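A.B. asks: So in full-length UniProt numbering, spot 65 of the sequence shown is number 65, and the numbers just go up one at a time.
All residues carry an ideal CB built from backbone N, CA and C; glycine is no exception.
Just so you know, these numbers come straight off a predicted model, no measurement behind them.
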Amino acid sequence: MSYRPCLYPWVMIRLLPRRPPVVFARFHNRSDAKNYLQALKPLMPNAKFVLFFDIGLPMDQEEST
1 MSYRPCLYPW VMIRLLPRRP PVVFARFHNR SDAKNYLQAL KPLMPNAKFV
51 LFFDIGLPMD QEEST
C-alpha cells in the first residue's frame, strides 16, 4: 500500500447487486466518513454502503501472521 491511502484509512464501499464491491471514497477520520454517508442517503436512498478501517497490511505480512 502506498503512503497516500495510509493518510485516509477509513474506506466507504458501495455494494452493488451482481457486481463486485466498489471503493467509493476514502476519509481521514470516521466522523468525516459518517457525515458523508448521511449526506448521501437522501441523494441515493436505495444504495448500500459499508464503512471500515483499512489497516493496509502488505500481502507478505498477512501470510506470515
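Kindly identify the DSSP beta-bridge partner or partners of A25.
C.D. replies: By one-based count along the sequence shown, residue 25 stands at place 25. M12, per the DSSP bridge assignment.
A.B. asks: Label F27 either buried or exposed according to how many other C-beta atoms from any shown protein chain fall within 10 Å of its C-beta, with 16 as the threshold for buried.
C.D. replies: For the purposes of this step, residue 27 is taken as residue 27 along the sequence shown, with counting starting at 1. Buried, by the Cβ-count rule.
A.B. asks: Rounded to a whole number of angstroms, what is the C-alpha to C-alpha distance between V22 and M12?
C.D. replies: Here the question's residue 22 lines up with position 22 in the sequence shown. Here the question's residue 12 lines up with position 12 in the sequence shown. Distance between the alpha carbons of V22 and M12: 9 angstroms.
A.B. asks: Please tell me whether F49 and R18 are closer than 7 angstroms, where the distance is taken between their beta carbons.
C.D. replies: What you label residue 49 is simply residue 49 of the sequence shown in a count that begins at 1. What you label residue 18 is simply residue 18 of the sequence shown in a count that begins at 1. No, the Cβ-Cβ distance between F49 and R18 is not below 7 angstroms.
A.B. asks: Decide if A47 is buried, meaning its Cβ has at least 16 other Cβ atoms within 10 Å, or exposed.
C.D. replies: Translated into positions along the sequence shown, residue 47 becomes position 47. By the 10 Å Cβ count, A47 comes out exposed.
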